[in-house]
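Visitor: In this note's numbering, the protein residues as written are 1035 to 1399. Where is the CB? At the ideal position from N, CA and C, for every residue including glycine.
Next comes the structure, spelled out in structure tokens:
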């Protein structure tokens, strides 16, 4: 009499049906590991994109100037524009020190208002006006002037039209921003600075800088360190926290699964002894035990992926007020990880399984 494949199947089914407690414990432990890994991976992939978009809203992340500090020519501006992608924002800025009627100096900048608002969506603007933007501190200071709308630059007067008030809490509050055409007609000053809002992370920023340097060697393009370093630091810490949490949980799961599988082997010693006595080889018995572990890993992968995707979506809504879309690309590494955990967890019980002697076990010693 030999041990047939149908008998092996019955032994495996008996493991799942008779010893439900052990099987359920191992299944739940693996499902927990898969769910946590799925949620963490979904959050990290989606969170990186969301954090990048949020940092892009902070404002310019690249500043371009001439190497010699002079003004840009039309050809230089066009070279920079062609180096950018359609979604990037480019804001050439020209500066002049004008004077109010009482002789008070005030910084006036010439910009494209639409491009500036696109690059700095966080700007708080109140009021309407076609004459540009006036910083909150400048607006407060001009109240003391007899004619607050009159400015002069090198003896040439300029009368401010209705302007909206800009509040940023930064140096912008101390400036007056005029549409570039009006500014250049009044002062004759060309842009000497370009602010860029490059969409994407550090890689996209570096790519834009390299393209600009190649297209116009006379220009110096540098990232705004406060923005890029803050983005890198936040993403790095986020990655470390998610990775550390996943490792701790997976280690605890491995310990739990090893305990469950070891107990299962000890409880089924006589079953395995009978299998060996009926002619089953050590390898066949081990393969059957591994098959049980892999079946658990596959079921846990399906359950854990569904639970983890739902958990990631819930965390995204509750904490970030944005949807975290489940990604099917996460499933292959998750199922591979579940299989590896199951195989590692089965290693110690397999060693115990190899030490089972059919004759001794069946005699009851």
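(1) Which first and last residues belong to the beta strand (DSSP E) in which residue 1129 is found?
(2) Give the secondary structure of residue 1171 by DSSP, where H, G and I count as helix, E and B as strand, and everything else as coil.
(3) Taking 8 Å as the threshold (C-beta atoms), are residue 1246 and residue 1257 in contact?
(4) Please name the residue or residues paired with residue 1139 in a DSSP beta bridge.
(5) As a quick exercise: from 1058, 1061, 1075 and 1055, pick the residue whose alpha carbon is nearest that of residue 1361.
(6) Are the Cβ atoms of residue 1147 and residue 1167 separated by less than 8 Å?
(7) If I measure Cβ to Cβ from residue 1181 and keep anything under 8 Å in the same chain, skipping five residues before and after, which residues do I get?
(8) Secondary structure at residue 1158, three-state DSSP: helix, strand or coil?
(9) In angstroms with no decimal places, state the Cα-to-Cα distance between residue 1384 and residue 1289.
(10) In the DSSP assignment, find the unbroken beta strand (DSSP E) run with residue 1223 in it and report its ends.
(11) Buried or exposed for residue 1375, going by 16 or more other Cβ atoms inside 10 Å?
(12) Evaluate residue 1379 with the Cβ neighbour count: other Cβ atoms within 10 Å of its Cβ, from every protein chain shown; 16 or more gives buried, anything less gives exposed.
(13) Quick one, which of 1322, 1225, 1169 and 1060 has its alpha-carbon nearest residue 1203's?
(14) Give me, in chain order, the residues of the same chain whose beta-carbon lies closer than 7 Å to that of residue 1208; leave out the 5 immediate sequence neighbours on both sides.
(15) Here's the rule: buried if 16 or more other CB atoms are within 10 angstroms of the residue's CB, otherwise exposed. What is residue 1160?
(16) What does DSSP give as the partner residue(s) for residue 1256 in the beta ladder?
(17) Measure the beta-carbon distance from residue 1294 to residue 1059 and round it to whole angstroms, keeping in mind my assumption that it falls under 8 Å.
(18) Looking at the strands, I want to know which residues DSSP matches up with residue 1211.
(19) Using the Cα positions of residue 1239 and residue 1274, report the straight-line distance between them to the nearest angstrom.
(20) Could you check which residue in 1377, 1284 and 1252 has the C-alpha nearest to that of residue 1296?
(21) Is the separation between the beta-carbon of residue 1233 and that of residue 1121 shorter than 8 Å?
(22) How would you write the range of the beta strand (DSSP E) that residue 1190 sits in, first residue to last?
(23) Leaving out the 5 sequence neighbours to the left and right, which residues in its chain are closer than 7 Å to residue 1339 when beta-carbon positions are compared?
(24) I need the straight-line Cα distance from residue 1346 to residue 1077, nearest angstrom please.
(25) Output the boundary residues of the beta strand (DSSP E) element that contains residue 1400.
(26) Let's test the definition: count the other Cβ atoms within 10 Å of the Cβ of residue 1156 and tell me whether it reaches 16, buried, or not, exposed.
(27) Taking the alpha carbon of residue 1286 as the point to measure from, which residue in 1206, 1123 and 1064 has its own alpha carbon closest?
(28) Excluding five sequence neighbours on each side, which residues of the same chain lie with their C-beta closer than 7 Å to the C-beta of residue 1321?
(29) Looking at residue 1225 and residue 1111, is the spacing between their C-beta atoms short of 8 Å?
(30) In angstroms with no decimal places, state the Cα-to-Cα distance between residue 1187 and residue 1194.
(31) Among 1124, 1144, 1119 and 1348, which one has its Cα closest to the Cα of residue 1130?
(32) If you run the structure through DSSP and keep just helix, strand and coil, what is residue 1035?
(33) Can you give the Cα-Cα distance for residue 1429 and residue 1251, rounded to whole angstroms?
(34) Taking only the alpha-carbon atoms, compute the straight-line gap between residue 1215 and residue 1200 and give it to the nearest angstrom.
(35) DSSP state of residue 1361, grouped into three classes?
(36) Please list, in chain order, all residues of the same chain as residue 1184 whose beta carbon is under 8 Å from its beta carbon, the five residues on each side excluded.
Guide: Reading it off the structure:
(1) 1123 to 1133 is the extent of the beta strand (DSSP E) around residue 1129.
(2) Residue state, collapsed to three classes: helix.
(3) Taking 8 Å as the Cβ cut-off, residue 1257 and residue 1246 do not qualify as a contacting pair.
(4) Per DSSP, the beta bridge partners of residue 1139 are 1133.
(5) Comparing Cα-Cα distances from residue 1361 to each of 1058, 1061, 1075 and 1055, the minimum goes to 1075.
(6) The answer is yes: Cβ separation under 8 Å.
(7) Excluding residues within five positions, the ones whose Cβ falls inside 8 Å are 1135.
(8) Annotated three-state conformation of residue 1158 is strand, per DSSP.
(9) Distance between the alpha carbons of residue 1384 and residue 1289 is about 15 Å.
(10) No residue range can be given for residue 1223, since it is assigned to no beta strand (DSSP E) and is classified by DSSP as neither H nor E.
(11) For residue 1375, the number of other beta carbons within 10 angstroms of its own is at least 16, and it is reported as buried.
(12) The residue in question, residue 1379, is buried, as its Cβ has 16 or more Cβ neighbours within 10 Å.
(13) That would be 1169, whose Cα lies nearest to the Cα of residue 1203.
(14) Excluding positions up to five away in sequence, the list reads 1141, 1169, 1171 and 1172.
(15) Residue 1160 is exposed by the Cβ-count criterion.
(16) Its beta-bridge partners are 1097.
(17) The Cβ separation is near 5 Å, so the contact holds.
(18) According to DSSP, residue 1211 shares a beta bridge with 1143 and 1167.
(19) Distance between the alpha carbons of residue 1239 and residue 1274 is about 23 Å.
(20) Minimum Cα distance to residue 1296 is reached at 1377.
(21) Their beta carbons are under 8 Å apart, which means residue 1233 touches residue 1121 by this criterion.
(22) Where residue 1190 is concerned, the enclosing beta strand (DSSP E) stretches over 1190 to 1193.
(23) Around residue 1339, the same chain offers 1068, 1072, 1365 and 1368 as residues with beta carbons nearer than 7 Å, after the five sequence neighbours per side are excluded.
(24) Computed Cα separation, rounded: 6 Å.
(25) This structure cannot speak to residue 1400, because the chain is shown only from 1035 to 1399.
(26) By the 10 Å Cβ count, residue 1156 comes out exposed.
(27) Among 1206, 1123 and 1064, the Cα nearest to that of residue 1286 belongs to 1064.
(28) Sequence-distant partners of residue 1321 (beyond 5 residues in either direction) whose C-beta falls short of 7 Å from its own C-beta are missing from its chain.
(29) Yes, Cβ-Cβ distance for residue 1111 and residue 1225 is below 8 Å.
(30) The C-alpha of residue 1194 is placed about 13 Å away from the C-alpha of residue 1187.
(31) Scanning 1124, 1144, 1119 and 1348 for the CA closest to the CA of residue 1130 turns up 1144.
(32) The predicted position of residue 1035 is uncertain, since its pLDDT is 39 and thus under 50; a value taken from the coordinates is nonetheless stated next. Coil, per DSSP.
(33) The structure shown does not extend to residue 1429, since the chain spans only 1035 to 1399, so no value can be given for it.
(34) Going from the Cα of residue 1215 to the Cα of residue 1200 covers about 20 Å.
(35) Residue state, collapsed to three classes: coil.
(36) Its chain contains 1134, 1135, 1191, 1192, 1193 and 1194 as the residues whose beta carbon lies nearer than 8 Å to that of residue 1184, once the 5 sequence neighbours on both sides are disregarded; these appear in chain order.
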